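Reading through the structure tokens given below for one structure.
Residue numbers (my numbering): 46 to 337.
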């Protein structure tokens, strides 16, 4: 309200000119905030009514306080709705398309409007769609949007037991942070790189060992590492014997329900992962202001 009064005073009561002043002011605020690091925020997942299509989006803000704000969360929900149906291949294309809730502006323009309104730098960082015509997409959100997971489930039977299994697999991905669905997704170059490093380590540990022993040590360690980073090879967190792999759990549920099930892939977003957060040194800041 105060900004409206200021704008009217500045333009001698000219309403149209006042609107221009307010718009310019908003743009200036957005530009000023753009340099600030936005590493908080939320991940939101949306699944279509038929369960055949889903999306995960991450929208960042500067503070956890804003991330918990209802206005911010409602905006992220709209971004997820847009992303669920987008044809864009990347963020640049997504930001350039018309905003479905007001087609007179783009997604980027609505983002700028939200930055000016909410008062923090914000960023639509990423989105990922999953589609499955021969089954469904399962989803799981952890800690109110700190982590969001989608799991692509191909199955010829869909019932409550299989949906529960799929959610358990999504929870597994959220908790144990796998990098791949199974070994077939692992880049051979990565395996070779690991072999090189592990071979050097093994030779340092056992300099007198022959190649067969060294090779056995290396392959054993690689196998152990793959069990940790491949979802289907991880030990299922709810396994009663503490040993059952996720893949075996899926097979067990499939057999019990007379189904053919394949976990084709997953998406796991964690808020702020990979973003370098600015470390504030308040002592230095105060000293600077005091000219020390």
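Where is the CB? At the ideal position from N, CA and C, for every residue including glycine.
Note that this is a predicted model, so its numbers are computed, not measured.
Could you pull the DSSP bridge partners for residue i from this structure?
| i | result |
| --- | --- |
| residue 315 | 192 |
| residue 147 | 144 |
| residue 174 | 100 |
| residue 110 | Per DSSP, none; premise fails for residue 110. |
Looking only at its chain, what residues have a beta carbon closer than 7 Å to the beta carbon of residue i, apart from the 5 residues adjacent to it on each side?
| i | result |
| --- | --- |
| residue 103 | 86, 88, 170, 171, 314 and 316 |
| residue 181 | 96, 97, 198 and 203 |
| residue 143 | 151 |
| residue 288 | 280 |
| residue 131 | 139 and 142 |
How close, in whole Å, do the beta carbons of residue i and residue j come, if the pair is a contact with beta carbons under 8 Å?
| i | j | result |
| --- | --- | --- |
| residue 197 | residue 228 | With a Cβ gap of about 17 Å, residue 197 and residue 228 do not count as contacting. |
| residue 271 | residue 298 | That pair is no contact at about 23 Å. |
| residue 308 | residue 295 | 6 Å |
| residue 276 | residue 206 | That belief does not hold up - the Cβ atoms of residue 276 and residue 206 are roughly 20 Å apart, past 8 Å. |
| residue 291 | residue 220 | Not quite, the Cβ-Cβ distance comes to about 11 Å (not below 8 Å), so this is no contact. |
| residue 165 | residue 107 | 4 Å |
| residue 168 | residue 284 | Rounded, the Cβ-Cβ distance is 39 Å, inconsistent with contact. |
| residue 140 | residue 153 | 4 Å |
| residue 267 | residue 243 | 7 Å |
Can you list, in chain order, the residues of its chain with a C-beta nearer than 6 Å to that of residue i? Leave out the 5 residues immediately preceding and following it.
| i | result |
| --- | --- |
| residue 173 | 101 and 312 |
| residue 77 | In this prediction, residue 77 scores a pLDDT of 47, lower than 50, which makes its location untrustworthy; no coordinate-derived value is stated. |
| residue 215 | 183, 185, 194 and 196 |
Does residue i pass the burial test, meaning 16 or more other C-beta atoms within 10 Å, or should it be called exposed?
| i | result |
| --- | --- |
| residue 160 | buried |
| residue 177 | buried |
| residue 223 | buried |
| residue 59 | exposed |
| residue 115 | exposed |
| residue 213 | buried |
| residue 120 | buried |
Can you tell me where the beta strand (DSSP E) with residue i in it begins and where it stops?
| i | result |
| --- | --- |
| residue 320 | That residue, residue 320, is in no beta strand (DSSP E); it is neither H nor E in DSSP. |
| residue 89 | 85-92 |
| residue 229 | Counting along the chain, residue 229 falls outside any beta strand (DSSP E), and DSSP gives it neither H nor E. |
What span of residues does the alpha helix (DSSP H) with residue i cover, start to end?
| i | result |
| --- | --- |
| residue 247 | 233-250 |
| residue 292 | 291-301 |
| residue 186 | Run containing residue 186: none in the alpha helix (DSSP H); it sits in the beta strand (DSSP E), 180-187. |
Within a Cβ cutoff of 8 Å, which residues of the same chain sit near residue i, ignoring the five residues on either side of it in sequence?
| i | result |
| --- | --- |
| residue 109 | 85 |
| residue 75 | The predicted model places residue 75 with a pLDDT of 40, which falls under 50 and marks its position as unreliable; any figure quoted below should be read in that light. These residues qualify, in order along the chain: 157, 160 and 161. |
Give a single yes or no on whether residue i has its beta carbon closer than 7 Å to a heavy atom of the ligand ZN.
| i | result |
| --- | --- |
| residue 102 | Among the components of this structure there are no ligands whatsoever, and the ligand ZN is therefore not found. |
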